[in-house]
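A quick write-up on the structure given underneath.
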Amino acid sequence: MRKKRTYFNLLVGRPQAYPSMPSHIRGIHMGNAPGRYSPSAGMRRGRDGVLLVTARRSTGINPRRRNPIDPSSPNLAPP
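Heads up: the sequence shown begins at 83 in my numbering, then just goes up one per residue.
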């Protein structure tokens, strides 16, 4: 059984990695898949290249009702 100690109210065991171990292992693929990603709901590019967002990006509950009343006003979605 491995001996565990408590440091600053945190249970600590033996380390599983050492500084001499490599940071990357051969044969493991990176998480980024090549190719085109599916478009996000509520986001699209305008004619001039500006990114336009709708309430669909922020909420899925009746998003058409949560858009601005005036179409010329901006949609202030949370970041």
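Where is the CB? At the ideal position from N, CA and C, for every residue including glycine.
Distance CB(residue i)-CB(residue j) smaller than 8 Å
i, j, result
"residue 149", "residue 136", "yes"
"residue 139", "residue 128", "no"
"residue 134", "residue 147", "no"
Residue i, DSSP secondary structure in three states
i, result
"residue 96", "coil"
"residue 108", "coil"
"residue 160", "coil"
Rounded separation between residue i and residue j - CA only
i, j, result
"residue 91", "residue 100", "24 Å"
"residue 109", "residue 121", "30 Å"
"residue 86", "residue 160", "44 Å"
Opposing strand residues paired with residue i [DSSP bridges]
i, result
"residue 125", "135"
"residue 88", "93"
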